[in-house]
Amino acid sequence: MENPHAYVDANIVGFVNLLECCRHGHIRHLVFASSSSVYGANTNMPFSVHHNVDHPVSLYAASKKANELMAHTYSHLFGLSCTGLRFFTVYGPWGRPDMALFLFTRAILEQHPINVFNHGKMQRDFTYIDDIIEGVVRVMHRLPEPNAEWSGDHPDPGTSYTGYKIYNIGNNNPVELMEFIEVIEQVLGRKAKKKFLDLQPGDVIATYADIDDLIKDVGFKPVTPIETGIRRFIEWFKAYYGYN
């Protein structure tokens, strides 16, 4: 919202640079991070890679969808095998400090209020970092195969006639924001001061990953419950930032 050009520079210009490096460096397989945000205005859940995703609600989401389209183009033109991974609300140690779990934990420890958007009426498919890593490693070793049943009359967005595939990596278990906050409170042993706000522009009400393709192709599904993941995060957070 504040600096759209930064997203274009990183996600569009930066990504085509990577594609060009793969092309001229004769890379066999590119595995890249997409995002659950590409589902945008979709409400048919769980979100499937075989659903159309042409209605993003943020420039970030549009840029990640563009990455998928660019990767497909290079797969078609230059035979570059490409696998895109749509990550669903990743959390855990060493994560981004602007994400909700960091912000909530720090604010509660310092007795500051937390911003609860859409009055807490949101759901997210929170996915612990260890599960994301396991999914990435498994997919790295599997080249995407052309889908022999793919048809231009009824194009499947998640596969292709070329070496291109999209997977969701999510916990397959949406959690309400208020429940997420309650688990943080329980682990910290403190109650949060909550400031309830309206939905932010560009945000979505819910995310929920269909991971059937991931299970079928690489035999893996995320398994870490938020109670375990949040506890691990808070243990790391306290040690790293020096909270007692």
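All you need for the numbering used here is the position in the sequence shown, starting with 1, plus 3. Just so you know, even glycine gets a beta-carbon here, dropped at the ideal spot from N, CA and C.
Counting C-beta atoms within 10 angstroms of its own C-beta, S154 has fewer than 16 neighbours from the protein chains shown and is therefore classed as exposed. Within the stretch 87-144, the complete alpha helix (DSSP H) segments at least 4 residues long are 103-112, 132-143, listed from N- to C-terminus.
Counting C-beta pairs closer than 8 Å gives three or more between the stretch 228-245 and the stretch 83-101, which meets the contact rule. By the criterion of a C-beta distance shorter than 6 Å, A64 is surrounded in its chain by S40, V41, G43, once the five residues flanking it on both sides are discounted.
Counted as a single uninterrupted DSSP element, the beta strand (DSSP E) harbouring V34 occupies residues 32-38.
DSSP places K168 in the strand class (E or B) of the three-state scheme.
If you draw a 10 Å sphere on the C-beta of Q126, you find 16 or more other C-beta atoms in it, and that means buried. Scanning its chain for C-beta atoms nearer than 8 Å, with the 5 sequence neighbours on each side dropped, one finds around I218 the residues K224, in chain order. Per DSSP, the beta bridge partners of C85 are L33, Y167. Exposure of G82 is indicated by the presence of fewer than 16 other C-beta atoms within 10 angstroms of its C-beta. Counting only residues of its own chain and dropping the five nearest sequence neighbours on each side, V56 has a CB closer than 8 Å to the CB of V41, Y42, G43, N45, K68, P160.
Pairing V34 with V226, the inter-Cα distance amounts to about 22 Å. Rounded to the nearest angstrom, the Cβ distance from I172 to F90 is 6 Å, consistent with a contact under 8 Å.
Within the stretch 174-229, complete beta strand (DSSP E) segments of at least 3 residues are found at 196-200, given in chain order. In this structure, the CA atom of S163 is about 15 Å from the CA atom of N70.
Non-local beta-carbon contacts of N150 in its own chain, meaning distances under 8 Å to residues more than five positions away in sequence, involve D159, T162, S163, Y164 in chain order.
If you draw a straight line from the Cα of Y10 to the Cα of S66, it comes to about 7 Å. For F18, the uninterrupted alpha helix (DSSP H) segment begins and ends at 17-27. In this structure, the beta-carbon distance from F105 to N174 does not fall below 8 Å.
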